[in-house]
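Okay, so the sequence shown: first residue is 4 according to my numbering, each after it adds one. Here a beta-carbon is modelled for each residue, glycine too, at the ideal position from N, C-alpha and C. Since the structure is predicted, the reported quantities are computational estimates derived from the model, not experimental observations. Take a look at the structure set out below.
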Amino acid sequence: MPDFKLSAQLKGHEADVRAVCFPAANTVLSSSRDQTVRLWRKTAETPPTFDVTITSQGHGYINSLTYLSASEAWPEGLIISAGQEAIIEAKRPSLTTTDNADRLLVGHGHNVCALDVSPRGTYIVSGGWDGKALVWNTEKWSISAQLVHQGEVRSVWAVLAYDEHTVITGSADTHIRIFDLRQPHHDNEVEPRRTLSTSSVVRALCKLPTGLKGHPSGAEFASAGNDGIIQLWKMNGTQVGALQGHDSFIYSLACLPSSEIVSAGEDRTVRVWRGSECVQTITHPAISVWSVAVCPQNGDIVSGASDNVVRVFTRNADRMAPAEVMSQFEEAVRGSAIPQQQLGESINKERLNPKSWLLNNAGKKDGQITTVLEDDGTIGAYQWSLSEQRWVHVGTVVDSTGSSGRKVQYNGQEYDYVFDVDIEEGKPPLKLPYNLSENPYEAATKFLGDNELPISYIDEVAKFIVTNTRGATIGQTTDAPSADPYGTDSRYKPDQAASPKYLPHTEYLVLTQAKWEPALRKLKSLNEKQLLAGNKHIAMNPDGLSRLEKVLEATMGAANQNAGSPTALPEAQRSIYMVITQWPYGDRLAALDVLRCLAPWPGSASLTDSKYGSLADIALKGALDTQDPLASSGEPLAETVKNFDAAKLNANIVMMALRAATNLFATAEGRKLVVSEAAAIISLLARIGGVEGDQGAIGADNNNLQIALTSTTFNFACLAFNQRDSIDLELVMTLCQIAEAVIRRQNDGEVLFRALMTLGMILTIGDDALNLAKTLEVDEAIGEAIKKSSEARTKTLAQECFEYLKR
């Protein structure tokens with residue numbers, strides 16, 4: 004068969020094209036992060052020309068798309084789209100942005116990233132970041148089944164409506180699940196008929212033809228994902244093949260009428276597979292090819308990529324683009340820049356073959372990449388074309404940072420970039436490390452998880468990464484290098500471009516983001532251990548566990564300042580109090596994790612225990628008192644802080660207790676409780692920092708504990724600023740000493756920054772606090788922070804501190 008050639012380039016989207024659909028020979032659909040769905044209709048065959056209509060305009064990224072074919076009920080068919088707004092929209096193709104949708108389907112709690120329609124159009128299946136897969140009846144337009152995904156699924160990345168009663172899903176938990184919708188189910192829930200395990204996150208699925216026109220392997224469907232391998236499966240769960248050739252994540256799969264598989268991925272290619280062989284590789288001048296689809300009528304291919312362009316490819320000579328358009332496309336590919344990391348190991352120019360080597364050496368497979376030394380001294384990347392039997396120039400390899408090649412140190416590792424990220428105005432920025440070899444969305448996901456931030460920020464953070472590394476990656480070779488090759492001067496502020504100013508800072512840190520399912524599983528497991536040990540009197544009963552589950556689902560990781568507390572919060576909180584005070588010391592971590600997430604909810608700080616005291620008492624005594632159960636003498640918190648044995652402490656348990664103390668600052672009642680115990684809590688912080696006591700610093704090598712320590716000290720400094728008419732200078736002095744001690748002892752950038760923010764806030768309180776800080780010679784600690792950290796935010800903050808000290 005002839006190779007696919009470019010047919011048309013459809014330009015108009017203003018951001019990444021995340022999904023494409025090819026329902027008919029003259030119709031292409033696309034959706035994008037520019038919040039639109041567009042319909043492209045072919046208006047001329049020679050050259051292929053398309054007109055575009057924006058059919059939908061949303062308020063969030065539109066990441067998934069499919070098409071319900073024409074029927075008696077819907078003669079035009081329906082465009083089905085969804086994304087960040089978590090609402091599935093069904094809309095006739097003739098409608099535009101000013102027209103209301105024909106149907107809106109509400110059921111997901113997060114970004115809807117996958118959609119498919121059954122062959123006869125009787126149902127739609129959707130998958131989302133909320134870990135749900137839902138089946139929607141297209142006659143009643145309601146949920147007809149909820150596909151059960153047990154365990155820590157995280158996201159259902161791919162869905163496949165295989166036939167009218169079979170659905171297949173692929174998830175971030177590396178599993179493929181096959182569901183029979185005819186199976187009996189309770190409350191519309193359908194358990195998987197079969198669960199298949201893979202080696203990586205599953206991102207794409209496609210149905211393969213069977214019978215005489217079936218795939219040579221006998222496979223009935225294919226899957227692909229983060230490992231870059233296409234796996235071929237039978238419906239009975241047997242894997243019958245694997246196709247290897249992609250160099251990075253595979254995001255999308257489709258199947259041609261010829262039974263050839265088409266794939267697209269992060270290595271900027273679309274690949275065509277005949278049997279077990281890759282017969283063509285189509286390189287795009289983009290960072291990622293997000294989506295690929297085929298036309299069932301004529302076998303053409305459409306792709307959507309990160310350069311905002313929709314492209315159509317064809318094997319039919321009559322539908323190919325004019326020669327000058329194809330030449331421009333090939334030139335764009337050749338002109339794209341490729342970071343060294345994308346090609347694997349670092350490249351030694353001294354050992355590269357000259358360009359003339361290409362004339363006498365053939366590639367081993369289609370799509371193989373090799374690098375040679377060009378005549379002008381640059382490094383050229385060439386790709387082997389199996390059909391043309393020649394090497395095709397696909398780009399120039401650039402240094403990792405696009406300038407000097409220097410790396411940035413962060414947490415003991417080297418990165419191409421370490422960005423400062425301001426997630427919310429008025430809150431301290433966080434560090435986002437990134438290497439050009441990484442996928443921007445995976446780096447964004449890890450960053451949000453590490454910093455306990457909502458996953459809803461992922462698209463914005465990933466877009467920020469792409470925007471600020473574009474000059475060093477693909478598609479922009481003429482940009483001047485950044486004045487700061489480390490990238491540390493770049494800052495991400497949603498809807499704001501102002502330069503950073505850190506002092507004074509009036510909002511409190513809150514550390515609440517968490518996953519409730521693992522916490523609940525751990526508590527259930529430990530509860531079972533208590534029952535097996537015969538400790539029924541301190542175990543939670545089924546009703547208590549059920550209440551706790553509902554509260555955890557509603558609170559852990561949720562924004563709570565403007566939300567009402569769940570009605571079962573007091574009962575669930577009492578259960579957690581019981582666990583912390585009665586269970587063995589080593590089993591308290593999960594309960595303290597839950598307590599720190601309950602602490603900022605309205606009403607939680609007011610709930611006391613008649614025997615053990617307030618939330619602050621229970622959190623801190625639970626971390627410091629290693630007796631089983633806790634001593635019930637009613638000892639004041641100050642006495643517990645004074646008398647605990649540091650040698651017996653678990654640093655992670657102490658860390659979680661400090662997180663709970665940090666989160667108490669979120670509500671007025673919580674701050675009132677903290678103020679009442681301020682002397683005891685600050686004394687504990689001083690012992691952990693090594694300022695007080697004779698046992699030295701506690702957990703000095705535990706970075707999480709140090710971040711919790713500096714978060715709590717910062718909140719106290721923020722409280723002193725907000726209530727500066729009634730401050731206790733002695734406690735302020737102790738906060739200064741703790742921050743200074745942390746700066747002397749620690750090297751982590753985030754810890755240093757939070758300690759420096761503590762000092763900065765004290766300098767802003769007023770003349771008395773400022774003079775006290777000068778007496779303590781905090782300028783030495785500020786100077787030490789600058790020496791230890793090369794981060795731009797630290798230098799900027801230190802300069803602000805010095806300006807206050809000059810007053």
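Beta-bridge annotation (DSSP): T286 is paired with T272. Counting only the Cα atoms, V40 lies some 12 Å from R95.
For K210, the uninterrupted beta strand (DSSP E) run begins and ends at 205 to 210, by DSSP. Sequence-distant Cβ neighbours of P260 in its own chain, meaning closer than 6 Å and more than five residues away, are G302. Residue nearest to T198 within the set R796, T213, R180 is R180 (criterion: CA-CA distance). In this structure, K675 is the residue among L652, K675, K539, T141 with its C-alpha nearest to the C-alpha of A602. Looking at N319, N66, T30, the one whose alpha-carbon comes closest to that of S72 is T30.
Per DSSP, L13 lies in no alpha helix (DSSP H); the unbroken beta strand (DSSP E) holding it starts and ends at 8 to 14. According to DSSP, A225 shares a beta bridge with C209, L235. Rounded to the nearest angstrom, the Cβ distance from F724 to M764 is 5 Å, consistent with a contact under 8 Å. For C258, there is no enclosing alpha helix (DSSP H); the enclosing beta strand (DSSP E) has its first and last residue at 253 to 258. Taken atom to atom, the span from the alpha-carbon of Y588 to that of Q630 is near 7 Å.
G692 sits away from A683, with the two beta carbons spaced by 8 Å or more. Here A681 carries a helix assignment [DSSP, helix/strand/coil]. For P545, the uninterrupted alpha helix (DSSP H) run begins and ends at 545 to 558, by DSSP.
Below 8 Å, too few C-beta pairs join the region 57 to 72 and the region 321 to 329 to call them touching: fewer than three. Counting along the chain, C24 sits inside the beta strand (DSSP E) bounded by residues 20 to 27. Counting only runs of at least 3 residues, the region 75 to 123 fully encloses the following beta strand (DSSP E) elements, listed from N- to C-terminal order: 81 to 86, 90 to 94, 106 to 109, 115 to 120. In the structure shown, H396 adopts extended strand secondary structure according to DSSP, grouped into three states. When the five nearest sequence neighbours on each side are left out, the beta carbons in the same chain lying within less than 6 Å of the beta carbon of V464 are those of A447, in order along the chain. In this structure V273 touches V265 by the C-beta definition: roughly 6 Å separates them, less than 8 Å. In the three-state reduction of the DSSP assignment, Q533 falls in the helix class, which pools H, G and I. In the DSSP secondary-structure assignment, R197 is bridged to I181. Contact between L595 and A575 does not hold, since their C-beta atoms are separated by about 14 Å, which reaches or exceeds 8 Å. At a Cβ-Cβ threshold of 8 Å, V644 and S686 count as neighbours.
Secondary structure at E327: helix, using DSSP grouped into helix, strand and coil.
Note that the C-beta distance between L598 and Y615 is not below 8 Å.
Rounded to whole angstroms, the separation of the alpha carbons of A227 and R314 is 22 Å. Of all alpha-carbon atoms in V582, E638, P569, the one lying nearest the alpha-carbon of W604 is that of P569. The C-beta distance from E92 to A85 rounds to 7 Å, short enough to meet the 8 Å contact threshold.
Under a 10 Å Cβ-count criterion, P26 is classified as buried, with 16 or more other Cβ atoms of the shown protein chains found around its own Cβ. The C-alpha of P521 lies about 11 Å from the C-alpha of V156.
In the DSSP annotation of this structure, D596 is not part of any beta strand (DSSP E); the continuous alpha helix (DSSP H) holding it starts and ends at 592 to 601. In this structure, T172 and G130 form a Cβ contact; the two beta carbons are roughly 6 Å apart against a cut-off of 8 Å.
In this structure, A772 sits near L732, with a CB-CB distance shorter than 8 Å.
Considering only A571, L627, K8, the residue with the shortest C-alpha distance to H287 is K8.
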